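792 is the number of the first residue of the sequence shown in our numbering; add one for each residue after it.
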Amino acid sequence: MTSRTAFAIPPFRRLWAAGLISDTGDWLLFIALPLVVFQLTGSALGTSIAFLLELVPAVVLAPLAARLIGRFDRRWIMVAVNIGQALALLPLLWVNEVADLPLAYAVIFVHASLSTLFEPAKNTLLPDLVDTERLVSANALIGLNQNLGRLIGGPLGGVLLAVGDLGLIVAVDAITYVISAVLIATLPAVATTAHDAGGADADAHRGATRADRPVGLLEALRIPRLRGAFAVILVSSVAQGMFLVLFVLFALGPLRGSDADVGLLRGIQAVGAVVAGVVLGFIARGSSPRVLTGASLFAFGALSLATWNLPPVTTAIWPYVLLFAAVGAPGVIMIAGLMSVLQEQSEPRQRGAVFAAVGLVSAVGQALGILLGALSDGAIGLLPLLEVQGCLYLLGGVIALLWLPRAADRPTSRAESATDTVSRTA
């Protein structure tokens, strides 16, 4: 472990552990709840509604998330969210038949709403726990635990549902959120904006000016040095939304695969993601977030296009297993690079709104991609849309290399001096 490894910082290790535990709980619910909805309805439409409900809060609640994260201590926002997620699971104990589905949909919506607060709060807190040179390592390790949570929680959710019932899922999931809340509560206090102290009196006491106050969502979207990052997020999210629709059609159509092949290919992506997270989090040094983002998007696009155009050569499953395992790596690297750019290039007072805006732009992009994917039923067809999906990642790579700012252009503010102090706290 090197000095540039974020895992060397005790507060980060606690945040990482909390994330791994809560992500495992998220995947328990993510796998089990759609299965329950499908079992009760026998309808793909009912299951689709469950997934679509997860996108709505990121759009509707983004302005509120920006305001709350800009004004209050992110640690306690995350603690409150974890406790809220545990309590929000309780209505699932009464879901036993089709008539109870509104309760299940309500739980999905509430959980997605709380996640709209949790993710930007976490991304805003991260630069206060680690210094700038370890941001890439920290973001890669966060991506690593998300994929470990997927590998652990996904299969575990199916097993628990098979051996028990939804009540068992609720109990285990609630425990993960409570443990996560306890770990986050132990993180050190950090100083960011004047509003963290609360109220006009505190502002006057500190001699705060208008420039010290948190920005709003629209202001964050208009920050010139972040426009390239938001453009990359939008383009890559459209590609991801298209993938969600087109992948199953590809696997069952040109690839002539089975339902088991669909599950295998989706699950194997986590292998490449875990490897990339370990390498970038513990081994790689001096990585440029801008270059990482651009290179990973080019790799993402190249692997996607190779996959979509391979069926005329072979429909044997093993080449696709290798390709899907490989494509998990640029996904983690891209997110680590983008998050590091946004954290480096934003001032503490801007970060709450910036990461709320990330959720908004991502949700809008995915929704557009899903709508584009639906065109595969018409005259356009499946293969042209798959080609567009792969090319969107290449376009994202071009935007990243041409438009993302360099680390040397990082802004400074007087509030950032707290970062080094917290990073050294044991």
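C-beta atoms are modelled at their ideal positions from N, C-alpha and C, and glycine is treated no differently. Quantities reported herein were computed from a predicted structural model and do not represent experimental measurements.
Between Leu-1177 and Trp-1099, the beta carbon gap of about 4 Å places them in contact (Cβ cut-off 8 Å).
Taking 8 Å as the cut-off, the Cβ atoms of Leu-1174 and Val-1029 do not count as close.
One Cα belongs to Glu-1135, the other to Leu-935, and the distance between them is close to 20 Å.
When DSSP states are grouped into helix, strand and coil, Ala-1067 belongs to the helix group. Put simply, the backbone Cα of Trp-1109 is about 18 Å away from that of Ala-1120.
Using a C-beta cut-off of 8 Å, the region 887-903 makes no contact with the region 860-867, since fewer than three inter-stretch Cβ pairs fall below that distance. By the beta-carbon neighbour count (other beta carbons within 10 angstroms, threshold 16), Ala-1165 is exposed.
Around the beta carbon of Asn-873, a 10 Å sphere encloses 16 or more other beta carbons of the protein chains shown; the residue is thus reported as buried.
Ranked by Cα distance from Arg-1047, the first of Ile-800, Ser-1079, Thr-1106 is Thr-1106. The beta carbon of Gly-1092 is closer than 6 Å to those of Gly-1181, Tyr-1184, Leu-1185 in its chain, skipping five residues each way along the sequence. Take the alpha-carbon of Ile-1161 and the one of Met-1033: they are about 5 Å apart. In this structure, Gly-944 keeps its C-beta atom at 8 Å or more from the C-beta atom of Thr-796. Cβ-Cβ separation between Leu-811 and Leu-947: approximately 13 Å, too far for a contact (criterion under 8 Å). Between the alpha carbons of Ala-877 and Ser-813 lies a gap of roughly 10 Å.
For Ala-980, the three-state secondary structure derived from DSSP is coil.
For Val-1006, the three-state secondary structure derived from DSSP is coil. Burial check for Glu-888: the Cβ neighbour count within 10 Å stays below 16, so the residue is exposed.
When secondary structure is reduced to three states using DSSP, Gly-940 falls in the helix class.
Note that the C-beta distance between Gly-1019 and Trp-1194 is below 8 Å. Following the DSSP letters along the chain, one finds Asp-919 inside the alpha helix (DSSP H) bounded by residues 892-920. Under the 10 Å beta carbon count, Pro-1005 is surrounded by 16 or more other beta carbons and is classified as buried. Taking a C-beta distance under 8 Å as the contact criterion, Leu-908 and Leu-859 qualify as a contact pair.
Just so you know, the alpha carbons of Leu-942 and Ala-1061 end up roughly 7 Å apart. In the structure shown, Asn-1100 falls within a coil segment according to DSSP collapsed to helix, strand and coil. Taking 8 Å as the cut-off, the Cβ atoms of Ala-976 and Ala-1148 do not count as close.
Uninterrupted alpha helix (DSSP H) stretches at least 4 residues long and entirely within the region 1093-1144 occur at 1108-1136, given in chain order.
Rounded to whole angstroms, the gap between the alpha carbons of Val-969 and Leu-959 is 16 Å. Taking C-beta atoms as the reference points, Leu-824 and Ala-895 count as a pair closer than 8 Å. By alpha-carbon distance to Phe-1089, the top candidate from Leu-1040, Met-1125, Val-1065 is Met-1125. Here Ala-1067 is buried: its Cβ has 16 or more other Cβ atoms, across all protein chains shown, within 10 Å. In this structure, DSSP gives Ile-860 a helical state, which the three-state scheme calls helix. In the structure shown, Gly-1169 adopts coil according to DSSP, grouped into three states.
Using a 10 angstroms sphere on the CB of Leu-1133, the tally of other CB atoms reaches 16 or more, which defines it as buried. Distance from the CA atom of Gly-1122 to the CA atom of Gly-1143, rounded to whole angstroms, is 24 Å. In the structure shown, Asn-930 falls within a helical segment according to DSSP collapsed to helix, strand and coil. Ranking Gly-1187, Arg-804, Ser-1078, Ile-1024 by CA distance to the CA of Gln-1157 puts Ile-1024 first.
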